[in-house]
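Top line first, the protein sequences correspond to chains A and B.
Here the first sequence is numbered in the numbering used here, starting from 4 and rising by one per residue.
Here the second sequence is numbered in the numbering used here, starting from 6 and rising by one per residue.
Even for Gly, the Cβ is constructed at its ideal location relative to N, Cα and C.
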Amino acid sequence: MNYWLIISISIVYLGLLSLVAYFADKRAKTGKAIQGNPYVYALSLAVYCTAWTYYGSVGKAASDGLSFLATYIGPVLGMPLWLFLIIRIVKISNALRINTLADFIATRFGKSTTLSILVTIMCILGVVPYVSIQLKAIDSSIKVLSPDADQLLLFDSALLVVILLIAFILVFTFRTVDSTKKHHGLVSAIALESVVKLVAFLLVGGFITYGMFDGFGDIFNRISSENLTKYSTLEDSSFPVLLFLSFSAVFFLPRQFHVTIAENTSPENIKTAIWLFPSYLLAINLFVIPVAIGGEYLLSGNVDPDMYLIELPLLAGNQVLAMITYIGGFSAATGMIIVSTIAISMMASNNLVIPLIIKGYNPSKINERKALLIRRISVVVVLLGSYLYFEFVSNEFPIVAIGLISFAAVAQFTPVVLASLFWKEVTRQGAIFSLLAGFAIWFYTLVVPGMVKVGLLPLELVSSGPFGVEWLNPTSLFGIQLSDPIVHGTFWSLFFNIGFLILGTLFYDQSGKERNFADFYTEYYKYHDQSNRLVWKGTMIQRDLKRVMENILGKGIATLEINSFKKATGISLDENDEVNPQFVTHAEKLLTGAIGASSARMLIASISKEEDIELSDVVALLREKKEISKLNELLSSKSSELKKKADELATANSRLQNLDVEKDDFISTVTHEMRTPLTSIRAMTEIIHDNPDLTDEERKRFLATVVDETDRMTRLINQVLDLEKLESGQLDLNLEKLDLCELAREVIDSFEGQLKSRDLNIELKCGATYFINGDYDRLTQVLNNLISNAIKYSSDNSTIEVLIEGEQEVMISVKDHGKGIESENIDRIFDKFFQARDQTRKKPKGTGLGLSITKRIVNMHEGEISVRSVVDSGSTFIFTLPRFKEELEIINE
Amino acid sequence: MSSKVLIVDDEPNILMSLEFLLKKSGYQVFIARDGREALGIIDEEVPDIILLDVMMPEVDGYEVCQKVKNNAQTSHVKIIFLSAKTKKEDIDKGYEMGADLYITKPFSTRYLISQVDTFRNK
């Protein structure tokens with residue numbers, strides 16, 4: 004195929020990509036961003052699938068069978084973790100304007116410059132080879148399509164691609180320095196590339212499977228017998244390690260961190276990604292095994308298995324499909340290169356170059372334009388570096404090997420990142436030691452053997468160990484042979500990585516600054532948007548801070564931010580004033596978005612006299628927070644206690660009020676009851692006084708009435724006093740052994756006169772002789788009350804029955820044949836003056852205290868009193884008394 | 006013709022004393038022991054003055070007063086409450102029901118008779 008055609012198509016493809024990016028940017032400016040779309044977000048994550056996936060999976064499947072799947076199963080298995088891991092990282096990063104892994108780790112440990120540099124270098128070393136293999140993939144695929152292309156050129160096609168990509172990146176990213184501004188065009192282009200590579204793979208895979216063979220069944224029938232086990236079983240002992248590596252990679256590869264975290268517009272989008280991204284991985288692997296088997300069957304031994312995907316359509320003479328394959332591979336490679344380069348150059352400029360300028364020269368030399376320039380230069384350097392690496396090193400390695408070594412490099416971040424989120428106590432020293440140790444072992448066990456292989460280092464190093472020390476052999480540390488160099492390197496690097504993380508944390512204490520962020524990272528949900536509560540202490544003039552902000556963010560943004568802060572908080576930010584610490588934290592966050600955490604930190608430090616944040620400051624803040632929440636708890640428990648007390652008080656009060664009302668009622672009723680006899684007495688005496696001419700008979704009648712009414716008053720007073728005594732418990736019973744029947748007989752006899760006048764009869768029935776322990780006078784009073792009531796209410800000419808019976812206790816009942824008691828009153832009949840409550844109707848006879856007193860006396864004798872009544876038929880009052888003890892014992896024997 | 010006075014009370018001794026005093030002053034006296042009985046008498050013999058207790062079984066004094074005052078044929082009848090209920094609200098209620106006078110028990114019989122005389126002369 005014509006080389007120039009391939010190059011032209013590549014240029015046209017990048018041109019189309021540019022157009023998409025351009026329109027996406029334009030739409031974003033008018034507020035209709037494509038990037039906010041969760042599908043675009045999810046597709047952009049598929050930048051995970053590089054040329055390694057595209058070409059290398061087939062190669063790996065052809066050589067090792069199913070184990071290529073580890074790279075995809077790892078991320079899929081890790082998907083559920085996204086819900087709390089990635090959402091957490093996204094929220095923290097948004098709050099602190101973090102957009103690189105280096106910033107994320109360095110910020111957690113007090114914006115440690117050491118860590119940001121370390122992470123940056125690790126990323127560069129881990130990723131540049133990875134970028135270079137993408138170039139290799141493009142280069143190889145061009146070579147397959149156009150075998151003698153190189154002779155036509157002064158420079159090779161990879162360099163041409165590099166130059167095109169530099170142009171694309173410079174146009175579509177880093178137009179403003181604030182990298183927290185999302186790159187709508189870029190992300191849309193990446194999402195499109197994901198679609199292109201998937202469609203291309205499916206088309207070509209479908210053509211090979213169904214066009215060159217008769218579908219899956221046919222292809223699987225062509226597996227040679229020696230390869231059968233390879234495709235049907237998974238005997239790769241390194242599989243779990245590969246799972247772990249790819250699981251880490253999907254989080255921490257700089258490009259993944261960039262699309263997942265830095266370009267995330269809404270944590271909600273993650274929920275779509277959780278199902279769409281795994282589905283994508285499944286789809287793109289659909290034809291890997293058929294293509295590998297088909298390639299082995301038709302092309303075995305003649306060509307590089309990595310290139311089966313292009314070689315097979317070519318073999319079938321289908322130039323167009325071969326071209327489509329190339330475009331898919333080209334898009335997979337360029338997508339990865341673009342995003343990786345952006346992520347890496349951002350880290351390099353923010354964490355390596357800008358800090359150097361701030362430290363070495365003058366902080367005021369840094370401004371927006373320069374920061375941008377530095378970042379652009381970084382892009383060029385990273386891409387050219389990758390090209391050089393490709394040109395001189397990576398030709399010696401298969402694609403997959405370099406990919407896995409990269410994965411192993413980023414896996415070194417896993418322990419530190421997880422610890423930073425979940426282990427509050429982890430220290431900066433722990434993180435530094437962990438990364439250094441992990442990275443050193445990674446380099447020694449995984450990179451050094453490669454360097455030996457290409458002849459950069461002497462062969463003895465791997466055959467007999469350095470200086471002949473066998474246990475230091477980079478391929479078998481401590482003399483332990485592991486199945487696979489990747490497993491070996493991953494195991495030892497993580498072993499030391501985690502070990503030092505723990506040791507460093509145990510042997511060092513957190514500084515105040517660290518503690519500040521430790522709290523924020525591990526308990527970010529408590530802060531919500533209060534990242535401004537992070538502590539800053541020092542002295543600085545507002546003017547200086549403003550100047551720095553103008554330099555880095557641009558005058559417009561700086562003024563806007565200052566004004567909106569003023570408006571939001573009401574704090575005046577006068578130029579000549581001391582800065583407001585809260586605003587410094589905010590400004591630093593803005594600067595972090597522009598030039599990274601450690602550069603921003605250094606810049607702020609350079610213009611201020613900063614005091615170290617003492618641990619005590621942070622502890623004080625924490626304590627304040629804790630105390631407030633403790634106080635809140637206490638307060639809410641106190642308030643519920645208070646509410647309980649208030650309720651009790653209200654109940655008591657209403658009880659008291661009821662008592663008060665009762666007492667008022669009682670007094671007014673008693674006085675009322677006294678007014679009636681007094682009225683008669685006064686009237687009678689006035690008559691006698693004013694009428695000397697009264698006959699003797701008349702005078703006698705009036706005087707007798709006066710005596711009667713006086714008796715009535717005396718009775719009333721006595722009963723009131725009785726009741727008072729009974730109620731206050733001052734009444735002592737005079738207990739003695741009493742014959743109840745005898746007592747009843749005496750009481751009944753005393754009514755003889757009254758009975759005769761009304762033609763009434765009382766019948767006393769005693770079942771046996773009943774002795775009780777009681778007060779003679781009081782029990783007489785009880786029977787008196789009940790019998791006089793019965794007499795009062797009985798119809799004339801009727802019989803009152805008094806019945807005394809019972810076994811364990813004595814039951815005394817007094818039954819009359821009178822008008823009965825209305826059922827609505829029956830419950831209140833033992834209340835004092837119960838009829839007086841309805842104060843305009845009056846009980847015809849009596850004081851209204853008799854039954855009340857009766858009940859109390861019965862109760863004092865440990866008895867109960869009750870009443871049954873039928874209106875117009877009569878009432879029965881029944882009370883019980885315990886039998887005399889010795890008598891009871893005789894009965895029970 | 007002598008004026009008619011109806012005494013309504015459930016206390017026999019009060020009835021007895023008032024009947025004696027009023028008869029002595031030249032009134033024609035009627036007696037009722039409760040509200041219902043009183044209403045019956047009022048129906049038959051429209052009295053000029055009623056001495057009315059408040060607290061009585063069945064129909065209370067307030068009710069009797071209201072009925073008398075609301076009936077066009079009896080609304081001119083003077084009503085004097087004689088009551089042991091001495092609270093302000095009870096007294097107010099009596100006047101509200103249309104009473105011409107409210108006297109609390111115990112009272113001076115001389116004062117009562119002088120008031121009855123005053124009403125008769127009006």
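- Within a 10 Å sphere around the beta-carbon of Asn519 of chain A sit 16 or more other beta-carbons, which makes this residue buried.
- Shown here, Ile824 of chain A sits in coil according to DSSP, grouped into three states, outside any helix or strand.
- Assigned with DSSP and collapsed to three states, Ala37 of chain B falls in strand.
- If you compare the alpha carbons of B:Met21, B:Ala43, B:Asp48 and B:Tyr32 with that of Val13 of chain B, the shortest gap goes to B:Ala43.
- Along the stretch 713-747 of chain A, none of the residues has a CB nearer than 9 Å to a CB of chain B.
- Within a 10 Å sphere around the beta-carbon of Thr883 of chain A sit 16 or more other beta-carbons, which makes this residue buried.
- Considering only beta carbons, the part of the stretch 658-690 of chain A lying closer than 9 Å to chain B consists of Ser671, Thr674, His675, Glu676, Met677, Arg678, Thr679, Pro680, Leu681, Thr682, Ser683, Ile684, Arg685, Ala686, Met687, Glu689 and Ile690, in chain order.
- The C-beta of Asp580 of chain A has fewer than 16 other C-beta atoms within 10 Å across all chains shown, which makes the residue exposed.
- Chain B has a Cβ within less than 8 Å of the Cβ of Thr708 of chain A.
- Shown here for Ile377 of chain A: same chain residues with a beta carbon closer than 7 Å to its own, the five before and five after excluded, namely Ser352, Val356 and Ile357 in chain order.
- In the structure shown, Tyr773 of chain A falls within a coil segment according to DSSP collapsed to helix, strand and coil.
- In this structure Ser249 of chain A is in contact with Phe410 of chain A, their Cβ atoms being roughly 6 Å apart against a cut-off of 8 Å.
- In this model, Gly756 of chain A and Glu766 of chain A are separated by some 16 Å (Cα to Cα).
- The DSSP-derived three-state label of Ser479 of chain A is coil.
- Bounds of any alpha helix (DSSP H) do not take in Val805 of chain A; it lies within the beta strand (DSSP E) bounded by Thr802 to Glu808.
- Close CB contacts of Leu460 of chain A within its chain, under the 7 Å cut and outside five residues either way in sequence, are with Val451 and Met454 (chain order).
- Around the beta carbon of Ala655 of chain A, fewer than 16 other beta carbons sit within 10 angstroms, so the residue counts as exposed.
- In this structure Ile127 of chain A does not touch Val383 of chain A by the C-beta definition: roughly 14 Å separates them, more than the 8 Å allowed.
- Val291 of chain A is positioned such that its CB atom lies no closer than 8 Å to that of Leu315 of chain A.
- Beyond the five residues adjoining it in sequence on each side, Arg258 of chain A comes within less than 7 Å, by CB distance, of Val50, Met339, Val342, Ser343 and Ala346 in the same chain, given in chain order.
- Less than 8 Å separates the beta-carbon of Ala161 of chain A from that of Tyr390 of chain A.
- Considering only beta carbons, the part of the stretch 13-33 of chain B lying closer than 8 Å to chain A consists of Asp15, Glu16, Asn18, Ile19, Met21, Ser22, Leu23, Phe25, Leu26 and Lys29, in chain order.
- Distance between Leu509 of chain A and Leu246 of chain A, taken at the CA atoms: about 30 Å.
- Across the structure, Ile803 of chain A and Asp668 of chain A are spaced so that their CA atoms are roughly 33 Å apart.
- Contact between Val34 of chain B and Glu24 of chain B holds: CB atoms are separated by about 5 Å, below the 8 Å threshold.
- Annotation for Thr91 of chain B: Thr109 place their beta carbon closer than 7 Å to its own, counting only its chain and skipping 5 residues before and after.
- One Cα belongs to Gly433 of chain A, the other to Arg111 of chain A, and the distance between them is close to 12 Å.
- The beta carbons of Asp105 of chain B and Ile84 of chain B sit closer together than 8 Å.
- For His864 of chain A, the CB contacts under 6 Å within the same chain, skipping 5 residues up- and downstream, are Gly777 and Leu884 in chain order.
- For the pair Tyr116 of chain B and Phe86 of chain B, the CB atoms are not nearer than the 8 Å cut-off.
- Secondary-structure assignment with DSSP links Asp778 of chain A through a beta bridge to A:Leu738.
- Judged by their CB atoms, Val10 of chain B and Val121 of chain B are nearer to each other than the 8 Å cut-off.
- For Thr79 of chain B, the CB contacts under 7 Å within the same chain, skipping 5 residues up- and downstream, are Ile47, Val51 and Val73 in chain order.
- Classified as buried, Gln722 of chain A has 16 or more neighbouring CB atoms from the shown chains inside 10 Å of its CB.
- Burial is judged here by how many other beta carbons sit within 10 angstroms of a residue's own beta carbon; Val323 of chain A has fewer than 16 and is exposed.
- Judged by DSSP secondary structure, Val873 of chain A falls within the beta strand (DSSP E) whose first and last residues are Ile868 to Val873.
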